[in-house]
Amino acid sequence: MEFRGAHILSVQQFNREDVDTIFSVADSMEPYAHRLRMTKVLDGAILGNMFFEPSTRTRVSFGCAFNLLGGEVRETTDVKASSISKGESLYDTARVISGYSDAIVMRHPQVGAVAEFAKASRVPVINGGDGSNEHPSQALLDLYTIRKELHSKGRGIDDMHIAMVGDLKHGRTVHSLSQLLMLYKNIKFTLISPKELRMPEDIVSNLRNAGNQVIETEDMEKGLSDNDTVYLTRIQEERFTTKLEADIYRGRFRLNQAIYTRNCQPNTVIMHPLPRDSRADANELDNDLNQHPNLAIFRQTDNGVLVRMALFALILDVTEQIDDSSSKVNWYTEGRFE
Amino acid sequence: MEFRGAHILSVQQFNREDVDTIFSVADSMEPYAHRLRMTKVLDGAILGNMFFEPSTRTRVSFGCAFNLLGGEVRETTDVKASSISKGESLYDTARVISGYSDAIVMRHPQVGAVAEFAKASRVPVINGGDGSNEHPSQALLDLYTIRKELHSKGRGIDDMHIAMVGDLKHGRTVHSLSQLLMLYKNIKFTLISPKELRMPEDIVSNLRNAGNQVIETEDMEKGLSDNDTVYLTRIQEERFTTKLEADIYRGRFRLNQAIYTRNCQPNTVIMHPLPRDSRADANELDNDLNQHPNLAIFRQTDNGVLVRMALFALILDVTEQIDDSSSKVNWYTEGRFE
Amino acid sequence: MEFRGAHILSVQQFNREDVDTIFSVADSMEPYAHRLRMTKVLDGAILGNMFFEPSTRTRVSFGCAFNLLGGEVRETTDVKASSISKGESLYDTARVISGYSDAIVMRHPQVGAVAEFAKASRVPVINGGDGSNEHPSQALLDLYTIRKELHSKGRGIDDMHIAMVGDLKHGRTVHSLSQLLMLYKNIKFTLISPKELRMPEDIVSNLRNAGNQVIETEDMEKGLSDNDTVYLTRIQEERFTTKLEADIYRGRFRLNQAIYTRNCQPNTVIMHPLPRDSRADANELDNDLNQHPNLAIFRQTDNGVLVRMALFALILDVTEQIDDSSSKVNWYTEGRFE
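In the order they appear, the protein sequences are chains A, B and C.
Letter 184 of the first sequence, counting from 1, is numbered 184 in this note's numbering, and no numbers are missing.
Letter 111 of the second sequence, counting from 1, is numbered 1111 in this note's numbering, and no numbers are missing.
Letter 221 of the third sequence, counting from 1, is numbered 2221 in this note's numbering, and no numbers are missing.
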């Protein structure tokens, strides 16, 4: 795809070469994200960080990524405070807001809202999550993390074995990551979930049709063996009709040090899109793994900044100018990144 | 008036020369607002963007305007989170906040609150809307848009014919725009509204006393003919006692392609302060006019950035230094402004 | 203490030399805070301004302080919008957020939450208030103000007489200020409060054990005489079980011009952590003293910016580079600071 001026709405818009491009730019962002150097390549540019659904983590991550490129961030965090509550169409909101900023990140509770918004926008739009639908930067950072973690162990994404665990029905991140993994070859998916929260059938058959092996199981311990990566998820309580309904499934699949040691290969990378639910009745990923070298969950969020910087740099077409606008960093930056 | 260090609280503080000054500076902001060049003239300055009543659009517009001049923005979006809820006076809030920032924009639900705040502020304050009272930057951007649109058609503001349509009783923007138009000569106002939502009598008589022609009517189609500009408004639901009461008037006056073609002169500019209510039962300005070249509603919001940049530059006295602090823009900026 | 890379969590971590260091750096910030010059020493750095409990004043003060050093600010203002409501631990939040920013300010409703957060943070954390526990930057700005005010009258902190008035039980600021004053010698504390809202016993005995004189009284007029400083506080309504319970104490101790003239020495400095409750039934510090030269309450909040700039500069270790990154200010800055 042509990145210059493009909207980033769905993982489906990428081919394997596009993903390689994004990851290669993300790699080049590391010195800036890790404060070894700073760049002002987007000095003077403004990001409209429009979150019409709450999300501290993703909102701050996008905002920091834009700041780290030298740009400014204007944002909104509340749909009730917006003109949408006065009957304004997404078309109007898009025409107006895109007159203020140079790029827009939008999160919206409704499926398809960001794509509709993007159609009317005069500047590139990145989908920061539209309901249970898409969250492409999350899928990209997940895949980028897998690539990096496996690479450090001398392996690649093709022929990988991955287990996905938990609420695979509602988990937007496992859907998008699966889509993205279809660009690669011969992957073995082990999908571990309660029957009622299985991965949607169309995704499973797509994976199979693309030549991948898919095993669905409720037996977690068996499913955990023989994987390069285990990707855990939270019960998406907010997507259930009632909290009670979610309670049935909460805490049913948990990974901790003992289960990991008993079942996983010693090199298995542990991932989670976060937030993980650490309350006693859920605790899908135990704190006793916090010091484990294969626990990649915080490297995931760190990588999110790299990937988001890369997306901004690509759609605003400044990748070639980043190093020219760079200089050294003078403040305290020790002990930050592994 | 002397702009340096001044508060901008009401359209009543301007004479015609002042308006010309603002518009001339706004014109000079276009290269920066349209990202042809960038300026850092307010690098190091801080705007206190204090919104004690929700407003995404106006808040972000002011924030972007300050960013586009190179300054930083600190803001608040919620009155409940503020010390006002702990019994703090506006005097105290003003004394404190004006110690943090170089200029303040304030929106407040109470009539007169911003003026009271400004009295105690140590830095220039711009009224971003105080209840149903004043919203001077909106009136200025409306008039600036009229001037620009008519100019491109070889006409001026003097001797103009303008129709104002809708909730003229509660519409803060039509009140302020009318006040501002009194600085010009021989304007014909056609005020189209339900009888119960007529323009306040004192404004009507002021307009007449200043030598303008004012026609009040409930007959929209007749009223639309023979105008340079048609200015539509939304039923200001939030100013009615009940939603039911507002429902009586909702959708009574609507402009669409057919009505426009049937009644308006081919050159008539279509304006609306936005948000327009696009729900089926309201729809005061139909989407079938979205591609019409005379639809100026998004040029209005774009112009808002120019006018707000001009106000900041004037009250902080940096108009002469803007171009000296300017440089070229390197990122993707295509297809943004008409 | 070693400031470089340190967390600022409690006043108890400072010795007298540390306080002197902070105040000396704060002094050097004055030209920048007062816009005589600007500095870009933290250009490229990002503050995570994480307010999980509302506070306009403190949040904006910290944000402005970071901006005045040239850095950017990303922030959150709502705990409900955060992953904490999805069961995320403070450990996880800290690991994630500290991957985005170069320093973090955190306010949290729970005692000890900020310290727990700091343990897992990869960047320096400043406690912006944890429930009724600590708010060290407030205590520092209070003491800095006392030092400055008394110095201008030829006196120092040692041997000072200070009266603290109001809700001394719940007032976090009087607790922290008292702790800090234990670093100095031979101070006379007059604690004026309703019996039920007395200063906690452990603080009183600590003060006495450190060799200070402590008088506790309900007789305000008597207690006001013979002081260098009077420090008034608001009834901390939000810390009572019911509003009714708070109402019993509201308005019981008030200072106004007449009471001041009748009881205080002519040089007595008047302080209040703000917000003051100016509603008729409270009015602990009357507006008729607003023009009094000894009223230091707005100099207090102004000083807050200096102290917070100093803390950032110290923990990020840039104090030596501030002046090198400085330049002149070109915009309107008159009539700002006394």
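Even for Gly, the Cβ is constructed at its ideal location relative to N, Cα and C.
What you are looking at is a predicted structure, and each value in this text was computed from that prediction instead of being measured.
So what does DSSP say about residue i, is it helix, strand or coil?
| i | result |
| --- | --- |
| F340(A) | Residue 340(A) lies beyond the stretch modelled for chain A, which goes from 1 to 338, so this question has no answer here. |
| G2304(C) | helix |
| F2337(C) | coil |
| V1269(B) | strand |
| V2073(C) | strand |
| D130(A) | strand |
| L9(A) | coil |
| L1197(B) | helix |
| R1239(B) | helix |
| K1169(B) | coil |
| G1087(B) | coil |
| Y1249(B) | helix |
| V318(A) | coil |
| E1002(B) | coil |
| E2221(C) | helix |
| D202(A) | helix |
| A313(A) | helix |
| S2176(C) | helix |
Ignore the nearest five residues each way along the sequence and tell me which others in residue i's own chain have a CB closer than 6 Å to its CB.
| i | result |
| --- | --- |
| G63(A) | N49, V73 |
| R1016(B) | L1183 |
| L2143(C) | L2180 |
| H1007(B) | A1118, P1124, V1125 |
| F1337(B) | H1034 |
| V269(A) | E149, T229, N294, A296 |
What residue range does the beta strand (DSSP E) around residue i cover?
| i | result |
| --- | --- |
| R262(A) | Here R262(A) belongs to no beta strand (DSSP E); instead the alpha helix (DSSP H) covers 257-263. |
Give me the DSSP bridge partner(s) of residue i.
| i | result |
| --- | --- |
| M182(A) | Answer by DSSP bridge pairing: none, since M182(A) is not bridged. |
| T39(A) | S326(A) |
| E2216(C) | L2191(C) |
| Y2231(C) | M2164(C), M2271(C) |
| G48(A) | R74(A), I104(A) |
| V125(A) | I104(A) |
| L285(A) | L255(A) |
| L2295(C) | I2270(C) |
If you follow the alpha helix (DSSP H) that residue i is part of, which residue opens it and which one closes it?
| i | result |
| --- | --- |
| D2158(C) | First-last for D2158(C): undefined, no H or E at that position. |
| P1136(B) | 1136-1151 |
| P2031(C) | 2016-2033 |
| F2062(C) | 2056-2068 |
| L2090(C) | 2090-2097 |
| A2210(C) | That residue, A2210(C), is in no alpha helix (DSSP H); it is neither H nor E in DSSP. |
| E1116(B) | 1113-1120 |
Please go through the same chain and pick out, in chain order, the residues whose beta-carbon is closer than 7 Å to the beta-carbon of residue i, but skip the five residues on each side of it.
| i | result |
| --- | --- |
| L2141(C) | Q2300, N2303, G2304, V2307 |
| D2018(C) | M2001 |
| P2194(C) | E2218, Y2249, R2252 |
| S2098(C) | I2104, S2121, R2122, V2123 |
| D158(A) | Y184, K185, N186 |
Quick check: is any heavy atom of the ligand NAD less than 8 Å from the C-beta of residue i?
| i | result |
| --- | --- |
| P273(A) | You won't find the ligand NAD in this model; it holds no ligand whatsoever. |
Rounded to the nearest angstrom, how far is the Cβ of residue i from that of residue j, given a contact under 8 Å?
| i | j | result |
| --- | --- | --- |
| L2224(C) | C2264(C) | 5 Å |
| L2255(C) | L2285(C) | 5 Å |
| R239(A) | H135(A) | About 13 Å separates the two Cβ atoms, so there is no contact after all. |
| R147(A) | L168(A) | About 22 Å; that fails the 8 Å criterion. |
Enumerate in chain order the residues of its own chain whose CB-to-CB distance from residue i is below 8 Å, with the five nearest sequence positions on each side excluded.
| i | result |
| --- | --- |
| G1211(B) | K1185, N1186 |
| L274(A) | R57, I297, Q300, T301 |
| T2021(C) | F2003, L2314 |
| Q257(A) | D286, D288, L289, H292 |
| G5(A) | P124, I315, D317 |
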